[in-house]
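Scroll down for the structure; my scribbles are underneath it.
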Amino acid sequence: MKSRVVGLVTRWYLARAQRKGFDLSKVALLPEAALMPLKRDGLDPVPELGEARSTEPVSKINIPFGVNVWLVTGHAEAKTVLGNAKGYSNDFANLVGEHGASESHSPGGLGFADPPEHTRLRKLLTPEFTMRRLSRLTPGIKAIIEQRLDAMAAADGPVDLVEEFALPIPSLVICELLGVPYEDRGDFQRLSMARFDLFGGATASLGAISESLQYLLGVVKKQRDDPGDGLLGMIIKEHGDQVEDIELAGLADGVLTGGFETTASMLALGALVLLQDKDSFKLIHDDDATVHDFVEELLRYLTVVQVAFPRFAREDMTVAGKQITKGDVVVVSLSGADRDPTLGPDLERVDPTRPATQHLAFGYGVHRCIGAELARMELRAAYPALVRRFPSMRLADEDLNFRKVSIVYGLDRLPVLLD
Ligand code: HEM
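FYI, the numbering for the sequence shown is 246 to 664, going by the working numbering.
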């Protein structure tokens, strides 16, 4: 279990920690109680999470190395914490007792940066994620999905939806977004998969991160010489003199980290919901108007990013009657918050007609997911295309391999029969 936890923590902190020269073994000793919000029973959070929410929406986790850790499971309490960027820091330096602004200027660390650095970095990216800019990706997203469906249709026997559908779609969409040229996409795919193995395995090759940064640095250098219309080219054209190549590579890496495994997990687990719930399948198959609500409800129900990045209290505060002290670590369970009964009845099941407008699947506050609209575009296009192409699709194997303990919940494979 210990090596598993090292792997988990490492995945999120490695790049940051390495830059700061931290000893990661210090954070490797998390007890079972701290892992509870990362565990599930099939698609559902474990019952202990709901129990914690109903009795203590902010509860203390006992961990061995002299830091107070709080688990937030209530929806209102989650918004209170995530919405208070002044009161809480995202900077990992806090965990090992270092304070002050980060000296790192890599936008790859957007999720670990605090304002004003966070504000500066996020401003570089925001224009690339407006609906107007994103709409240029619509034809490419459709074409990527159709190509994957064609490849699946051509295969003999069972097809693994994770390998053939859920993983390649977001990886290729990120190529489109960044402006990675077609001839480089094979390498990009290979590297994203290496990153995925890293996310999936306990102690898989950590070299994948530095390899992908090196590779992305090469992509950036090419764009510097000949900037295209993708995200990297546009930033080079508009702010080229304000950003270094390594910053841009970090930015691309952050987009890959934020947008790949998350969207892939939504595609795989959402497909599973469709396979298990015939009513939803029929609804999405027959009626375009239902897709929007269905996707929001799936985002809520699955909440694949189970916990937000840890927040570090900068001052003493009271939340839900609990005294949080400066330096305490606060872990917000997004999957707990999204099933809080204050949001409505019967949240333990998927209801594709439910207006799930208040979910926190993309987080909340200044760190709210910058790629939320892009993810929605992919999901809204992919699910109907899948069920319409393969209306008789069914599970080939009921024995499903869910991730045991992982920040982004997911499935390792999803074998289906298509006709
Ligand atoms: C369904 C898919 C996705 C889900 C569920 C998701 C979820 C999240 C969540 C919960 C956060 C906030 C974490 C926190 O506050 O601690 C976040 C942040 C982020 N996401 Fe996403 N995400 C998805 C897709 C994407 C995509 C497609 C991209 C980019 C192409 C992306 C890029 C990012 C980045 C860069 C951040 C950091 C933002 C910041 O700190 O300001 N995500 N995401």
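Glycine included, every Cβ here is placed at the ideal spot set by N, Cα and C.
Count the other CB atoms within 10 Å of the CB of His537; is the residue buried (16 or more) or exposed (fewer)? Here residue 537 is taken as the residue at index 292 of the sequence shown, counted from 1. It counts as exposed.
If you run the structure through DSSP and keep just helix, strand and coil, what is Ser304? For this step, residue 304 is matched to residue 59 along the sequence shown. Ser304 falls in the strand class under three-state DSSP.
Beta-carbon spacing of Leu624, Met511 below 7 Å: Numbered from its first residue, the sequence shown carries residue 624 at position 379. Numbered from its first residue, the sequence shown carries residue 511 at position 266. Yes; because the gap between Cβ atoms is below 7 Å, this pair is in contact.
Rounded straight-line distance, which links the Cα of Leu394 to that of Leu645: In the sequence shown, the residue the question calls residue 645 occupies position 400. In the sequence shown, the residue the question calls residue 394 occupies position 149. Whole-angstrom Cα-Cα distance: 22 Å.
Give a single yes or no on whether Arg367 has its beta carbon closer than 6 Å to a heavy atom of the ligand HEM. As a working note, residue 367 is residue 122 in the sequence shown. It does: the Cβ of Arg367 is within 6 Å (strictly closer) of some heavy atom of the ligand HEM.
Assuming Leu662 and Arg639 form a contact by the criterion Cβ under 8 Å, report the distance between their Cβ atoms to the nearest whole angstrom. Here residue 662 corresponds to residue number 417 of the sequence shown, with the count starting at 1. Here residue 639 corresponds to residue number 394 of the sequence shown, with the count starting at 1. Rounded, the Cβ-Cβ distance is 6 Å, consistent with contact.
Integer-rounded CB distance, given that Val632 should sit under 8 Å from Leu547: Position 302 of the sequence shown holds residue 547. Position 387 of the sequence shown holds residue 632. With a Cβ gap of about 17 Å, Leu547 and Val632 do not count as contacting.
What are the residues that DSSP puts in a beta bridge with Phe557? Position 312 of the sequence shown, counting from 1, holds the residue named residue 557. According to DSSP, which records beta bridges pairwise, Phe557 is partnered with Ser334, Val574.
Once DSSP output is grouped into helix, strand and coil, what is the label at Gln568? Counted from its first residue, the sequence shown places residue 568 at position 323. Strand at Gln568.
Compute the distance between the beta-carbons of Thr507 and Val550, then report whether it is under 7 Å. Position 262 of the sequence shown holds residue 507. Position 305 of the sequence shown holds residue 550. Yes, Cβ-Cβ distance for Thr507 and Val550 is below 7 Å.
Rounded C-alpha distance that separates Asp411 from Gln568: Numbered from its first residue, the sequence shown carries residue 411 at position 166. Numbered from its first residue, the sequence shown carries residue 568 at position 323. Checking the sequence, you will find Ala at residue 411 rather than Asp. Near 42 Å, if we compare the C-alpha coordinates of Gln568 and Ala411.
Just to confirm, does Gly499 get its C-beta within under 6 Å of one of the non-hydrogen atoms of the ligand HEM? Residue 499 sits at position 254 when you count from the first residue of the sequence shown. True, at least one ligand heavy atom lies under 6 Å from that Cβ.
My assumption, with CB atoms under 8 Å, is that Arg658 sits in contact with Glu408. Please give the rounded CB distance. In the sequence shown, residue 658 corresponds to position 413, counting from 1. In the sequence shown, residue 408 corresponds to position 163, counting from 1. That pair is a contact at about 7 Å.
Can you find a heavy atom of the ligand MG that lies under 6 Å from the Cβ of Ala321? The ligand MG is absent from the structure shown, which contains only the ligand HEM.
Looking at Ile389 and Leu417, is the spacing between their C-beta atoms short of 7 Å? For this step, residue 417 is matched to residue 172 along the sequence shown. For this step, residue 389 is matched to residue 144 along the sequence shown. The answer is yes: Cβ separation under 7 Å.
Which whole-angstrom value is the C-beta distance of Ala330 and Gly610, which I expect to be below 8 Å? Locating residue 330 in the sequence shown gives position 85, where the first residue counts as 1. Locating residue 610 in the sequence shown gives position 365, where the first residue counts as 1. Confirmed, Cβ separation roughly 6 Å.
Thr563 in three-state terms, based on DSSP: Translated into positions along the sequence shown, residue 563 becomes position 318. Strand at Thr563.
Using a Cβ-Cβ distance under 7 Å, would Phe526 count as near chain C? Here there is only one protein chain, and chain C is not present.
Val650 by DSSP, collapsed to three states: which one? Here residue 650 is taken as the residue at index 405 of the sequence shown, counted from 1. Here Val650 sits in coil by DSSP.
Limits of the unbroken beta strand (DSSP E) element including Leu316: Counting from one through the sequence shown, the residue named residue 316 turns up at place 71. Per DSSP, Leu316 belongs to the beta strand (DSSP E) from 314 to 317.
Assign Glu428 to buried or exposed, taking buried as 16 or more other Cβ atoms, counted over all protein chains shown, within 10 Å of its Cβ. Start at 1 with the first residue of the sequence shown, and residue 428 comes out as number 183. Exposed: under 16 other Cβ atoms inside 10 Å.
Can you have a look at Met376 and say buried or exposed, based on whether 16 or more other CB atoms are within 10 angstroms of its CB? Position 131 of the sequence shown, counted from the first residue, corresponds to residue 376. Exposed, by the Cβ-count rule.
Going along the chain, which residues of its own chain have a beta-carbon closer than 8 Å to the beta-carbon of Met622, five neighbours each way excluded? Along the sequence shown, one-based indexing puts residue 622 at 377. Cβ within range, chain order: Leu379, Leu382, Thr383, Ile386.
Name the DSSP beta bridge partners of Pro290, please? Here residue 290 corresponds to residue number 45 of the sequence shown, with the count starting at 1. Looking at the DSSP assignment, Pro290 forms a beta bridge with Arg285.
Using alpha carbons as the reference points, say which of Asp664, Ala497, Pro426 lies closest to Leu458. Stepping through the sequence shown from its first residue, residue 458 is reached at position 213. Considering only alpha carbons, the answer is Ala497.
Terminal residues of the alpha helix (DSSP H) in which Val536 lies: As a working mapping, residue 536 is identified with position 291 in the sequence shown. Looking at the DSSP string, the run of the alpha helix (DSSP H) that includes Val536 is 536 to 547.
Inter-residue spacing [alpha-carbon to alpha-carbon] between Thr318 and Leu355: Mapped onto the sequence shown, residue 318 falls at position 73. Mapped onto the sequence shown, residue 355 falls at position 110. So the two alpha carbons sit approximately 24 Å from each other.
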